[in-house]
Amino acid sequence: MPAPLDFHLEHYDGPLDLLLDLIRKHEINIHDIPIASITTQYLDYMRRAVELDIDLGAEFVYMAATLIHIKSRMLLPRDPALDEISPEDDPRQELVDRLLEHERFKNAAEMLQQKLLVEENVWSNPQIQTFLDEAESPELAVTLFDLVKTFEQVLDRAKNKPIYEVSNEEVSVPDMILA
Numbered sequence: 000m001p002a003p004l005d006f007h008l009e010h011y012d013g014p015l016d017l018l019l020d021l022i023r024k025h026e027i028n029i030h031d032i033p034i035a036s037i038t039t040q041y042l043d044y045m046r047r048a049v050e051l052d053i054d055l056g057a058e059f060v061y062m063a064a065t066l067i068h069i070k071s072r073m074l075l076p077r078d079p080a081l082d083e084i085s086p087e088d089d090p091r092q093e094l095v096d097r098l099l100e101h102e103r104f105k106n107a108a109e110m111l112q113q114k115l116l117v118e119e120n121v122w123s124n125p126q127i128q129t130f131l132d133e134a135e136s137p138e139l140a141v142t143l144f145d146l147v148k149t150f151e152q153v154l155d156r157a158k159n160k161p162i163y164e165v166s167n168e169e170v171s172v173p174d175m176i177l178a
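Counting in numbering that gives the first Met the number 0, the sequence shown runs from 0 upward without gaps.
This is how it looks when you write it as structure tokens:
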């Protein structure tokens, strides 16, 4: 009988994460899962997990039911005419396939997360020449003399602008009410 599993009540993203963790901690070949011991430990974890949200809890209960179903199918007597169980007849095969697929996706997600972290921490300083190519900069169509002449015209218009004075008339609220 395997040694009892040391539970730390870690946060698992889903029931397949918990199953993968149980299998790894016991260093079990994923193709030869001892359904009885894994189911017992899985149910024990579920009893100890106090705060599960309802959707995640439903996934864990579904996985526990799947494990119990597989265990019950394995306990049923086999046809003695069949010497060896074919992969199609092994009730654990679907679970193994799901676990392997989940592990592939989890590894791919971790790899993408690492690439994202590397990309966020890398900064390159592109040369300014790539943005400002001298051959592409447009030539000015005016000369310095044209700019000075235009500036003088702006100043002349500012001098000739009429100044408006606004008289300050004091009005009280009671006067406005009576008016």
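Note that CB positions come from ideal geometry on N, CA and C, so glycine has one too.
- Rounded to whole angstroms, Y61 and E119 show a C-alpha spacing of 39 Å.
- Restricting attention to N167, Q113, L17 and L116, the CA atom closest to the CA of Y44 is found in L17.
- Out of D89, F59 and E58, the CA that lies nearest to the CA of K70 is found in D89.
- Between A107 and W122, the alpha-carbon positions lie close to 24 Å from each other.
- Shown here, K160 sits in coil according to DSSP, grouped into three states, outside any helix or strand.
- For R91, the closest C-alpha among the options I162, D155, T65 and I176 is that of T65.
- V147 sits in a helix when the DSSP states are folded into three classes.
- One Cα belongs to V117, the other to F104, and the distance between them is close to 20 Å.
- DSSP, reduced to helix, strand and coil, places E100 within a helical segment of the structure shown.
- Across the structure, I67 and E26 are spaced so that their CA atoms are roughly 21 Å apart.
- Burial of Y41 is indicated by the presence of at least 16 other C-beta atoms within 10 angstroms of its C-beta.
- The beta carbons of I34 and I22 sit about 11 Å from each other, so the pair does not count as a contact at 8 Å.
- Within the same chain, Cβ atoms closer than 6 Å to the Cβ of P14 are found at E58, F59 and M62, the five residues on either side in sequence being excluded.
- Within the model, the alpha-carbon separation for L115 versus K24 is close to 29 Å.
- By the neighbour-count criterion, in which 16 or more other beta carbons inside 10 Å mark a residue as buried, L98 falls on the buried side.
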